[in-house]
Amino acid sequence: MLKVLIITVSLIAGIFLILMGVVFWLQDRLIFFPEKVPAAYRYPFKSNFKEVYLDTPDGNRINALHFMAKQTKGVILYFHGNAGSLRSWGYVAEELVPYGYDVFMPDYRSFGKSTGKLSPQNLYQDGQLPYEYLQQAYPEDKIVIFGRSIGTGVATKVASENKPKLLLLETPFYDFTEVAKTHYPFLPATLLLRYTFRSDKWIKNVSCLVYILHGTADEVVPFRSGKKLAGLINNPNSLVIIEGGGHNNLSSFLAYHQALARVLK
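Here it is in structure tokens:
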């Protein structure tokens, strides 16, 4: 009986170790769901925009779209979520242009037409690349950084190392490990995750105003995570609560647009 128990425990432990190894080595595929787009693809957006390529120090290229407002107050540097490509995210940029800002939206490595391999370090370095590109045409106090979902981690990192006008975070997390623990409570996320996105640390070094937009019914990043992050921000009314809002539908709520109109005035 004891021998059977030992064998069973050993088997379970072995399976668990294999599972942890799979999660560690394949976490890119578990976190990111990029859509590849042919280099010759023509984006169909109706707004005035141009396609831009930014060269990385290691010889790769970041594809981006630069949307132009008729009369601009500045530019929004937008970091999108963990799936898709500019082919679908460009429509979000079109929704932001009417607020009177140009919008610059890059695709991460391996997304869309962008080349190269994803890694935490590459994400952070590539986030700085479009910021420096925009500084050639816009004063820093006219640059707004906007992050959505996993893009909030990149946005917060970039904002912490520069002095933009504003930082907007839609459905953000306190840190990414906390989100992983929510969905996979049986795994030691702290030990396994290479993508930690420590927004809780970086946000303390952000010098501009910060606003968080989060829905109370978010099924991906719990509302409590965004609320916890908001607790680290000094400016009043930093947390915009969208009652009943989920993870991917905040733009369907009037309160969301009212908040954007207020902070992007």
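Mapping to the working numbering: the sequence shown position 20 is 3, numbers consecutive. Cβ atoms here follow ideal geometry from the backbone N, Cα and C, with glycine treated the same way.
Close Cβ partners of P219 (< 8 angstroms) along its chain, the five nearest in sequence each way excluded: none
Where the beta strand (DSSP E) containing E34 begins and where it ends: F32 to D38
Segments assigned beta strand (DSSP E), at least 3 residues, entirely inside the segment 42 to 105: 44 to 50, 58 to 62 and 85 to 89
Bounding residues of the beta strand (DSSP E) (the contiguous stretch that carries V193): L192 to G198
V246 (DSSP reduced to helix, strand or coil): helix
Residues sharing a beta bridge with P17, DSSP: G67
Separation of L247 from E144, as counted between CA atoms: 22 angstroms
Inter-residue Cα distance where the pair is G209 and K33: 33 angstroms
Three-state secondary structure (DSSP) of F206: helix
With 16 other Cβ atoms within 10 Å as the buried cut-off, status of E161: buried
For I186, three-class secondary structure by DSSP: helix
Where L212 falls: helix, strand or coil (DSSP): helix
Beta-carbon proximity of D124 to P147, cut-off 9 angstroms: yes
Pairwise C-alpha distance: T199 and P81: 27 angstroms
For E153, the residue or residues it bridges with in DSSP: R131 and L196
Residue from Q54, N105, L69 and L150 with nearest C-alpha to I126: L150
Cβ neighbour criterion (16 or more within 10 Å) applied to A321: In the structure displayed, the chain extends from -16 to 248; residue 321 sits before or after that span and is not available.
Burial state of K258 (16 or more Cβ within 10 Å): The first residue shown for the chain is -16 and the last is 248, placing residue 258 beyond what the model contains.
Coarse secondary structure for L176, derived from DSSP in three states: coil
For L233, the first and last residue of its enclosing beta strand (DSSP E): Careful: L233 lies outside any beta strand (DSSP E) and carries neither H nor E.
Cβ pair G130, L152 closer than 9 angstroms: yes
Pairwise C-alpha distance: S182 and F94: 23 angstroms
Cut-off 8 angstroms between Cβ atoms - residues of its own chain near L176, not counting five sequence neighbours on either side: Q10, F159, T160 and A163
Residues bridged to G222 [DSSP beta-bridge criterion]: Checking the sequence shown, residue 222 turns out to be Leu, not Gly. Paired residue(s): I195.
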